[in-house]
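This report refers to the structure that appears directly beneath it.
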Amino acid sequence: MKINSVIMVLIQVIRWGAVPAILLILTVEDIRKMSVKGSMLLLGAFLLLAAGGFSEPALWERIGGMLVGGGIVILSFLTKEAIGMADALLFIAYGTAFGIWSLLLLGLFSFGAAAIWSGAMLATKKVGRKGRVPFLPFFTFGYLVLLHIRYFGLA
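The following block contains the structure:
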């Protein structure tokens, strides 16, 4: 087996196994505590970067993804962490690994799911207008949706 084949298999194992596992761990922690451990966050960011591989997307797309992720970090600062810093750092890692277009789709799915969930919680009066909702479950949802969309060749 060629070294390129081994690397490609390893990237797939990371994409389908390690990244979802660490995102699920982070999701549970975020739901329970509304915060995550820095070491787990760094592991998640590293795994996302590794899952991106080396061939695609183009460098300019990765830089664009990093810049959009950086914009989310700035938004986190400006909103006094209405979007948590952990969420923002995962967006930077994802954008750097998979590029700007994939990051925008991730944002569409994750922010869309969060909006629907929050709207339902407001409508049923389970949470007030100022209530906080952990975002990592929606980031994980968006990642898993995109993983399956790519696998079935829909994007």
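Following the numbering used here, the numbering of the sequence shown begins with 14 at its first residue and continues without gaps.
Note that beta-carbon positions come from the ideal geometry of N, C-alpha and C, so glycine has one too.
Model, not experiment: these values are computed from the prediction.
- Residue state for I20 is assigned as helix, using DSSP reduced to three classes.
- Judged by DSSP secondary structure, I87 falls within the alpha helix (DSSP H) whose first and last residues are L72 to L91.
- A Cβ-Cβ contact shorter than 8 Å links Y107 with L119.
- Sixteen is the threshold: when 16 or more other Cβ atoms of the shown chains lie within 10 Å of the Cβ of L39, as they do, the residue is buried.
- Taking every protein chain shown into account, the CB of M47 has fewer than 16 other CB atoms within 10 angstroms, so this residue is exposed.
- Contact annotation: L149 and A99 have beta-carbon atoms nearer than 8 Å.
- In this chain, the alpha helix (DSSP H) harbouring W130 covers I113 to A136.
- Approximately 11 Å separates the beta-carbon atoms of L157 and R28; this is outside 8 Å, ruling out the contact.
- At the C-beta level, G78 and I113 come within 8 Å of one another.
- The three-state secondary structure of G108, taken from DSSP, is helix.
- The three-state reading of DSSP puts M98 in helix, counting H, G and I together.
- Considering only R142, A34, G141 and S115, the residue with the shortest C-alpha distance to R75 is S115.
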